[in-house]
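A quick write-up on the structure given underneath.
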Amino acid sequence: MTVRPFPHLLLPDLLGARNRARRGERGDLRRALLFGGIGLTVGLALYEGSYWVTGHLLDYAELGDYLLRLGLSWLFLTFLSFLAFSGIVTALSTFFLADDLRLLMAAPIAARRLFHARFARTLLQASWMVVIFLAPVLAGIGRARCAPAAFYGAALLTIVPFSMIPVAAGTAATLLLVNTCPARRARDILVLMGLLFAASLVILLRMIRPEQLLRVESLPDLTSFFASLQSPITPLLPSFWAGETLFAALAGRPDWVHAAALWSTALAAIVVLSAASARWHFAGYSRSQDAPRARFTRLAAVAPLARLLPIAPVRRQLLIKDLKIFLRDVSQWSQLLLLLALVLLYLYNFSVLDLQRIPYMSGFLKNLYALVNLGLAGLVMATLCVRFVFPAVSAEGAAFWIIRTSPIGLGDFLWSKFWTGFAPVFALTEALTLAANRFLGVDPVLEAATSLAVALLSVALVGLATGMGARYPRFGGDPGQVAGSYGGVAFMIQAVLLVIVMMALTGWPASVYLLRQIRRAAAPPPVWPLAALCAAAAIALSLWVWLASMRSGVRALERLAD
Amino acid sequence: MIAIRDLVKHYGRFAAVDGISLEVHPGEIHGFLGPNGAGKTTTLRMIAGLAKPTAGTIVVNGHDLAADPDAAKMSLGYIPDRPFIYEKLTAGEFLAFHGALYGLEAGPLEARIADMLALFELARWKDELVESFSHGMKQRLVMCAAFLHRPRALVVDEPMVGLDPRGARLVKGVFRAMSARGVAMLMSTHTLEVAQEMCDRISIIQKGRIIASGTVDEIRAMGGGGDDRLTAVFLRLTGGGALQEIDEAL
Ligand SMILES: Nc1ncnc2c1ncn2[C@@H]1O[C@H](COP(=O)(O)OP(=O)(O)OP(=O)(O)O)[C@@H](O)[C@H]1O
Ligand SMILES: [Mg+2]
Chain A
1 MTVRPFPHLL
11 LPDLLGARNR
21 ARRGERGDLR
31 RALLFGGIGL
41 TVGLALYEGS
51 YWVTGHLLDY
61 AELGDYLLRL
71 GLSWLFLTFL
81 SFLAFSGIVT
91 ALSTFFLADD
101 LRLLMAAPIA
111 ARRLFHARFA
121 RTLLQASWMV
131 VIFLAPVLAG
141 IGRARCAPAA
151 FYGAALLTIV
161 PFSMIPVAAG
171 TAATLLLVNT
181 CPARRARDIL
191 VLMGLLFAAS
201 LVILLRMIRP
211 EQLLRVESLP
221 DLTSFFASLQ
231 SPITPLLPSF
241 WAGETLFAAL
251 AGRPDWVHAA
261 ALWSTALAAI
271 VVLSAASARW
281 HFAGYSRSQD
291 APRARFTRLA
301 AVAPLARLLP
311 IAPVRRQLLI
321 KDLKIFLRDV
331 SQWSQLLLLL
341 ALVLLYLYNF
351 SVLDLQRIPY
361 MSGFLKNLYA
371 LVNLGLAGLV
381 MATLCVRFVF
391 PAVSAEGAAF
401 WIIRTSPIGL
411 GDFLWSKFWT
421 GFAPVFALTE
431 ALTLAANRFL
441 GVDPVLEAAT
451 SLAVALLSVA
461 LVGLATGMGA
471 RYPRFGGDPG
481 QVAGSYGGVA
491 FMIQAVLLVI
501 VMMALTGWPA
511 SVYLLRQIRR
521 AAAPPPVWPL
531 AALCAAAAIA
541 LSLWVWLASM
551 RSGVRALERL
561 AD
Chain B
563 MIAIRDLVKH
573 YGRFAAVDGI
583 SLEVHPGEIH
593 GFLGPNGAGK
603 TTTLRMIAGL
613 AKPTAGTIVV
623 NGHDLAADPD
633 AAKMSLGYIP
643 DRPFIYEKLT
653 AGEFLAFHGA
663 LYGLEAGPLE
673 ARIADMLALF
683 ELARWKDELV
693 ESFSHGMKQR
703 LVMCAAFLHR
713 PRALVVDEPM
723 VGLDPRGARL
733 VKGVFRAMSA
743 RGVAMLMSTH
753 TLEVAQEMCD
763 RISIIQKGRI
773 IASGTVDEIR
783 AMGGGGDDRL
793 TAVFLRLTGG
803 GALQEIDEAL
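Chains as they are written, first to last, in the numbering used here: chain A, 1 to 562; chain B, 563 to 812.
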């Protein structure tokens, strides 16, 4: 019997990917073009951006060098924390929760081989985004600095160990977590850790106070601002080593010390982790299986509350079911919580924004902000929709047969999904807009106009998300994956277009109105006919998007039986 | 009763079901037998309204499934081969949800759920998440759900898979009682003893076509006397001669 090297264990993933590519599903080409186009655009923007910034830093000589070095360290520090976190989450699924483990663990595979295969998969899965993001940035820097070819080689040789270290650390953390508490619970803990991570990021941002940069009179303070960034950078972190290695390579000098530190740490981490995994992985895997009686909340209040709503009994039952399933899934509602936290932060920023400093224009500017606000509320709405409304149909998953074999029309089913999504999305975004406009002291007419626009947008976007979710379902995927699927991206693009159109339809009459106010001009052009026209167009457009996508969604559900 | 006529289902150019007709009368348990991949699940899924026939008609208790799906489904119970249920609901919540889908009133439903859970020996688990159920427990829960609305026709796909002997006996008992009350039942199974013991009539399907149909005795007679065990007949009809080769292959 020959023991094949560990990459053999990666074969199912590769074959699966190949088969999927071969089978050529409907919309594959479009999806490839779409994702490819977006990726290319973002990559180009990053490349040009970093080229531009680095080029300008050249003007500052020594200070520029210093800032570049600092910037590199910061860039890598950000990625370091991201990679560690993503390593934890990915390792949990690849090492403990993946379905194929049932097969692999039952097969006679040496622990180390399994570890290497799973770690390679974890590494790729956790770090591809970072690599794709880093590559154009580093290329831009290299071009601006006219770096030697060795710089690009050094970049490659730096990124590999740099991503191995935090992912190994994350995997170790997961191994520890699973061995101390069962995987289902561990998943909940991870989610909370994610929340803490995000919260600390937010606090960090608040401490740096980026809005100071906007103040004209504080420009000379720029250096002290950057100095304040320096404190968290310790020479003991791999991000520092990576930054230094690359900075040296930029000037054509090799920095063997830091490169060696990176590689030796990475390899040592893998050796240690491999031993630890051989020792504890199976115990953890076995523990992660036996969490049958996980605690859960009874949610007894949901049903009586739902009974207060004046809706048909069947729809009420659908609502109760959806609510309970949502609330019992920590990974679901915690993300909503995170989004709420971000929204609050956003509002807080408005309350500290000091518009009075800018003379003459403050009146116009704050009303302009009302429009920016509308756009942001629209984006929040689109995010909510793609993450929570779009996956609603897919969430039925393998249990969809229950609905489909029952005597309920699929239209009823889809409409219940719509209303369940619409109520929270509308309440949240409308409250957000009203609060932000209050903080800013926006003109009451504009306030009313944006409120109407938000109401129309939520009808249209929730309808669009529900309908497209039914047209592009991914039964069995978790909601995050569903949101990132072709249909999710296609929804996002249409949603953003819709938001832009809505902003134009509000902004056009609003700006005419504002200019008249400022100039105190009683003369034409008259505003109200234009406003009425735009409002009518907005209403017609929203209603059309709403009803048309719901209808096509219902039809798509009916076609599922074909 | 369940009546299907000239039912056809194509997956692409492959005909999974190729012109099947059969009738299951009230009070009859109709066995649906055939080798793996013969098209049993596909047929049952079409009757349950999960898949749309390429051609042919399905009538459940007098309601044409294509013309009036809601009425047809209202009087039909379906037990799928793999019991996928909402993992994050408790057994009681799931049944309440399911009952309400079929228009049962809250008060009577409560009592009915308690009865059904007691019948399938799940009462103890009423307030546990389905997530924590074993395969057999999920299977029993699905059966509770299928009987909740007192269907007059029942479609069952491999009911015995995953059940312990006690559970299997229980399910047999329940099915018999149901048919005694006039429920028409179409049941696919691989367990020939079960078919022999429970079914009034049997249809054997292979490659999407019915190759033999009749009462258990009639089917046995088709084997041509001698060995009257259903297994032998089944193997002869579906080309089981190859079984001899097993010895050589091993
Ligand atoms: N969704 C599908 N897409 C394509 N082909 C399918 C699909 N579902 C079933 N088939 C094919 O239809 C045929 C019949 O499958 P079906 O599941 O009905 O068999 P079965 O009689 O239930 O078998 P088993 O005894 O193994 O349960 C098989 O050849 C299968 O490959
Ligand atoms: Mg089957």
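All residues carry an ideal CB built from backbone N, CA and C; glycine is no exception.
Bear in mind that the values here come from a model prediction, so they are computed numbers and not experimental data.
- For B/VAL586, the secondary structure class from DSSP, reduced to helix, strand or coil, is strand.
- DSSP lists B/MET749 and B/ILE764 as the bridge partner or partners of B/GLY593.
- A/LEU67 places its beta carbon less than 9 Å from that of A/LEU57.
- The bridge partners DSSP lists for A/GLY142 come to none.
- Less than 9 Å separates the beta-carbon of A/VAL343 from that of A/LEU428.
- One thing to note: A/THR450 has its Cβ within 9 Å of the Cβ of A/THR433.
- Taking a C-beta distance under 9 Å as the contact criterion, A/THR94 and A/GLY170 do not qualify as a contact pair.
- Within the region 389-408 of chain A, contact with chain B at the beta-carbon level (separation under 9 Å) is assigned to GLU396, GLY397, ALA398, ALA399, PHE400, TRP401, ILE402, ILE403, ARG404, THR405, SER406, PRO407 and ILE408.
- The region 764-772 of chain B makes no contact with the region 726-738 of chain B: fewer than 3 CB pairs, one atom from each, lie closer than 8 Å.
- For B/ILE773, no Cβ of chain A is located within less than 9 Å of the residue's own Cβ.
- The beta carbons of A/PRO407 and B/GLY665 sit closer together than 9 Å.
- One Cα belongs to A/ASP562, the other to B/LEU606, and the distance between them is close to 15 Å.
- A Cβ-Cβ separation of about 7 Å places B/THR652 in contact with B/LYS688 under the 8 Å criterion.
- Distance from the Cα of B/LEU569 is smallest, within the candidate group B/PHE796, B/ALA794, B/GLU690 and B/ILE772, for B/ILE772.
- Annotation note: the region 262-289 of chain A contains no uninterrupted alpha helix (DSSP H) run of length 4 or greater.
- Cβ-Cβ distances below 7 Å link B/PHE709 to GLY639 and MET678 in the same chain, with the five nearest sequence neighbours on each side left out; the list follows chain order.
- Against chain A, a Cβ distance below 8 Å from B/TYR664 picks out SER406 and PRO407.
- Screening all residues for a C-beta within a distance smaller than 7 Å of any heavy atom in ligand 2 leaves B/LYS602, B/THR603, B/ASP643, B/ASP719, B/GLU720 and B/SER750, in chain order.
- In the three-state scheme derived from DSSP, where H, G and I count as helix and E and B as strand, A/VAL496 is classed as helix.
- Sequence-ordered contacts of the region 302-317 of chain A with chain B read PRO313, VAL314 and GLN317 [C-beta pairs closer than 7 Å].
- Taking each of A/GLY252, A/LEU70 and A/ALA45 in turn and checking the Cα distance to A/PRO148, the smallest one comes out for A/GLY252.
- Annotated three-state conformation of B/TYR573 is strand, per DSSP.
- Check the Cα spacing between A/GLY87 and each of A/ALA495, A/ILE132, A/ALA172 and A/LYS417: the tightest is with A/ALA172.
- Taking the C-beta atoms as reference points, A/VAL482 is found no nearer than 9 Å to A/SER552.
- Looking at the DSSP output, A/HIS116 bridges to nothing.
- Per the C-alpha coordinates, the member of A/TRP544, A/THR245 and A/VAL462 positioned closest to A/ALA382 is A/VAL462.
- Legend: CB atoms of the region 639-653 of chain B lying less than 7 Å from CB atoms of chain A belong to residues TYR640, PRO642, PHE646, ILE647, TYR648, LYS650 and LEU651.
- Apart from sequence neighbours up to five positions away, the residues of its chain that approach A/ALA150 with a beta-carbon distance below 8 Å are ALA249, GLY252 and PRO254, ordered along the chain.
- The C-alpha of B/ALA707 is placed about 11 Å away from the C-alpha of B/PHE682.
- Chain B has no Cβ within less than 9 Å of the Cβ of A/LYS417.
- Taking 7 Å as the upper bound on Cβ-Cβ separation, chain A lies near residues ALA610, GLY611, LEU612, ALA613 and LYS614 of the region 591-623 of chain B.
- In terms of beta-carbon proximity, B/MET636 lines the interface with chain A, with at least one pair separated by less than 9 Å.
- Contact between A/PHE491 and A/VAL386 holds: their C-beta atoms lie close to 6 Å from each other, under 8 Å.
- When the Cα atoms are used, B/ALA617 and A/ILE325 turn out to be separated by approximately 38 Å.
- Rounded to whole angstroms, the Cβ separation of B/ILE582 and B/VAL622 is 15 Å, and the two are not in contact under 8 Å.
- Against chain B, the beta carbon of A/ALA561 has neighbours under 8 Å at GLY611, LEU612, ALA613 and LYS614, listed in chain order.
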